[in-house]
Amino acid sequence: MSTGLIVIISMCAAVIVGIIAFFVMRGMKGTITLHCEKNTFDPGETIKGSISVKIKKETRGNNLKICLTADRITTVYDGDERRTDHDEIYRDELVLEDKKTYPVAYENTYEFSLNIPNMNEPGGGQQADGVLGAVGSVLGALNVNRRKTKIEWQLEARLDAEGLDLVTKKDIHMRMMMS
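Last residue of the sequence shown: 180 (the numbering used here), numbering continuous.
Okay, here's the thing in structure tokens:
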């Protein structure tokens, strides 16, 4: 076996062991779970749900938050090449708890509600113009064969903590309202 092949196999093994160690260490700290009443929403609707936090070892948290984000994903095809761009076009964060030290065996559930911007109304939401513009880009891109654009919405629950954060994400679906 050549030295180059041994080095490549060793590097791959180190990466795999590192990834496994990361998830084991995160699991030893605790878990965070995200629950929603439903997964599909209309513009202007309110997302209601809860976050369950279970701590296995004492953890110093900077904050516990829930975020609603929208990413515009554009794939451009140029001959045999493909390029994909990701742009965050909307973010709304709600801090559920500020800095706190969570003791061993801590368990709690936090309720939340986040408003989805109403893209059918001018100024409907903190960053609705950006979302509305992105929706227009998506509709305009549908007529171009070499470009594909879509918007993906996601909820993210995060306990920002010293060391490893506890994080979970959930994709949500948004109905497009055409006038």
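The beta-carbon is built from N, C-alpha and C at its ideal position, and this holds for glycine as well.
Remember, predicted model here, so these are calculated numbers, not experimental data.
Asked, Found
"Nearest candidate by alpha-carbon position, reference Ile152, set Arg92, Val168, Glu163, Val105", "Arg92"
"Cβ distance (whole Å) where Asp99 is taken to contact Asn64 below 8 Å", "6 Å"
"Minimum C-alpha distance to Thr70 - residue among Ala15, Pro118, Thr102", "Pro118"
"Beta-carbon proximity of Glu157 to Ile56, cut-off 9 Å", "no"
"Start-to-end residues for the beta strand (DSSP E) that takes in Ser114", "108-116"
"Cutoff 7 Å; reference Asn109; Cβ partners in own chain excluding five residues on either side", "Val54"
"Status (buried if at least 16 other CB within 10 Å, exposed otherwise) for Ala162", "buried"
"Cβ shell of Asp166 (< 7 Å), same chain only, five flanking positions each side left out", "Arg159, Leu160"
"N- and C-terminal bounds of the beta strand (DSSP E) containing Asp86", "82-98"
"Length of the line joining the Cα atoms of Arg148 and Val77", "5 Å"
"Beta-carbon proximity of Thr41 to Met175, cut-off 9 Å", "yes"
"Own chain, CB closer than 8 Å to Cys37, minus 5 neighbours either side, in chain order", "Ile48, Lys49, Gly50, Leu156, Lys171, Ile173"
"Residues of its chain near Arg185, where Cβ-Cβ distance is below 8 Å and the 5 sequence neighbours each way are ignored", "Past the boundaries of the shown model lies residue 185; the chain is included only from 2 to 180, so the question cannot be answered."
"Nearest candidate by alpha-carbon position, reference Ala95, set Glu89, Thr34, Ile52", "Residue identity check: residue 95 is Leu in the sequence provided, not Ala. Closest option to Leu95, Cα to Cα, is Ile52."
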